[in-house]
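Sequential numbering from 485 applies to the sequence shown in the numbering used here. The structure appears right after this line, and notes come after that.
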Amino acid sequence: MKRIIITLVITCMVFVVFAAESVALLSASKGKVDLSRDAKAIKFQNGDLLKNNDELRTGGESFAAYKYIDGSSTIKVFSNSVVRITANRSGKSLSKKVVINKGSIFTNVKPKTGAFIVQTPTTVASVKGTGFLTKLNDKGDSFFIVTDGEVELKIMDSEEVKSVPAGNTAIIDELGNYEMRASTKEDTSSIEQAEIESSQTTEPKTIRIPVVDAAGRTKYIEITY
């Protein structure tokens, strides 16, 4: 019964969301997390809906997570990170992209749920049913640590395309040079540490849907499940 209620809630939410240009749900946050929309800071709570081109920033020892509204994927944003959330409708599904400008994210994507891209300053990663960590260091090097499935990488300067299977790590430096190697303990430990951070948060049991009244004021409908 609980699953049926959740499904009905999400189904109803999808229609509202598309009309309001919202594409994701903020499912968790801890520590210092900032949300900006159209270059303006936005007050938020866990359970709020996120719009196309929203930006999330996390501080030290902080964490955030969000889910795209089509149920296709969960994105975990770790400490000292900056990401931009984008999505566009493609038929009956969402075409999704995460732009990471700093820090690290873990991506878990269900198969056959529409296009999904993670983009760093040097590389575009295309995935279909994959778990992997994307990390951008201070030098501008991009790391893709694949734990499940396979990731296809396109190096933007050279337009080379590379495939990275599970158990491997790809590194693209700021000049576009490519290297792939078997994932090391250091690689996987960074995922484990990130997962420890995320396990210290709890997901909300309330979805907050914004509604603008006749006076132009934004109010929220809260659905608890």
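Think of the CB as a built atom: it goes at the ideal place given N, C-alpha and C, for glycine as much as any other residue.
What does the alpha-carbon distance come out to for the pair residue i and residue j?
| i | j | result |
| --- | --- | --- |
| valine 645 | serine 579 | 20 angstroms |
| serine 511 | aspartate 622 | 28 angstroms |
| aspartate 518 | leucine 540 | 6 angstroms |
| glycine 555 | methionine 640 | 29 angstroms |
| threonine 614 | valine 602 | 12 angstroms |
| valine 501 | serine 574 | Low local confidence applies: a pLDDT of 41 at valine 501 is under 50, so the model's placement there is unreliable, with the coordinate-based value given in what follows. Each residue's Cα considered, the two are about 15 angstroms apart. |
| asparagine 530 | phenylalanine 600 | 23 angstroms |
| isoleucine 569 | lysine 669 | 30 angstroms |
| lysine 612 | aspartate 522 | 30 angstroms |
| lysine 527 | alanine 548 | 14 angstroms |
| lysine 551 | glutamate 663 | 31 angstroms |
| isoleucine 629 | aspartate 657 | 15 angstroms |
| serine 667 | leucine 509 | 31 angstroms |
| threonine 607 | serine 588 | 14 angstroms |
| aspartate 538 | serine 520 | 6 angstroms |
Pull the bridge partners of residue i from the DSSP assignment, please.
| i | result |
| --- | --- |
| glutamine 603 | Val583, Val608 |
| isoleucine 569 | Asp538, Val582 |
| threonine 618 | Ile589, Phe628 |
Contact defined as beta carbons within less than 8 angstroms: I believe residue i pairs with residue j. What is the distance between those atoms, to the nearest angstrom?
| i | j | result |
| --- | --- | --- |
| valine 566 | lysine 535 | About 17 angstroms; that fails the 8 angstroms criterion. |
| alanine 609 | valine 635 | 5 angstroms |
| threonine 618 | threonine 604 | 7 angstroms |
| valine 593 | serine 557 | 4 angstroms |
| lysine 516 | glycine 543 | 3 angstroms |
| serine 577 | threonine 597 | 6 angstroms |
Next item on the list: Could you name each continuous beta strand (DSSP E) segment of 3 residues or more that falls completely within the region 620–678, going from the start of the chain to the end?
Entry: 626–632, 634–639, 645–649, 652–656, 662–666
Check: Would you call the region 648–655 and the region 555–567 in contact, with 3 or more CB pairs under 8 angstroms?
Finding: no
Note to self: Going residue by residue through the region 535–567, where are the continuous beta strand (DSSP E) segments of at least 3 residues, counting only ones entirely within it?
What the structure shows: 538–542, 547–552, 557–561
Check: Can you list the beta strand (DSSP E) stretches of 3 or more residues lying completely in the region 505–534, in chain order?
Finding: 506–514, 517–521, 524–526
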